[in-house]
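Participant: In our numbering, the protein residues as written are 789 to 905. Even glycine gets a Cβ: it sits at the ideal position worked out from N, Cα and C.
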């Protein structure tokens with residue numbers, strides 16, 4: 789009986805450690821909104837939710853390629869129409885190299901917009 793209890797606690801300890809690791813990883817990405825192909829207002833709602841419900845002090849809006857213009861629209865709509873007290877903290881631009889199926893590499897532009905209360 790005691791051996792069974794020890795085995796169960798070891799398994800639960802491992803599970804607890806895994807969930808702690810997952811929580812640490814997600815805390816880093818909690819205040820990030822990745823912009824893709826959905827309508828602009830979907831991302832605007834996500835940013836507003838981060839600030840109001842989650843109580844975030846800053847939210848990062850990230851986009852790549854053709855979605856960059858939509859990310860800029862999201863930031864401007866949030867700042868001008870909904871949360872006028874927000875400030876642009878920083879804007880980062882960059883390039884990522886991606887390998888294509890035929891073995892070539894292509895460059896994809898990236899943008900990170902940080903809004904702060």
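Comparing C-alpha positions only, which one of 885, 891, 904, 890 sits nearest to residue 897?
Facilitator: 885
Participant: Quick check on residue 851: buried or exposed, where buried means 16 or more other Cβ atoms within 10 Å of its Cβ?
Facilitator: buried
Participant: So what's residue 833 in DSSP terms, helix, strand or just coil?
Facilitator: DSSP places residue 833 within a helical segment (H, G or I) once states are collapsed to three.
Participant: What number of angstroms, rounded off, separates the C-alpha of residue 834 from the C-alpha of residue 892?
Facilitator: Near 35 Å, if we compare the C-alpha coordinates of residue 892 and residue 834.
Participant: What did DSSP end up calling residue 892 once you bin it into helix, strand or coil?
Facilitator: coil
Participant: Terminal residues of the continuous beta strand (DSSP E) containing residue 852?
Facilitator: 846-852
Participant: Give the straight-line distance between the Cα atoms of residue 819 and residue 888, rounded to the nearest whole angstrom.
Facilitator: C-alpha separation (whole angstroms): 30 Å.
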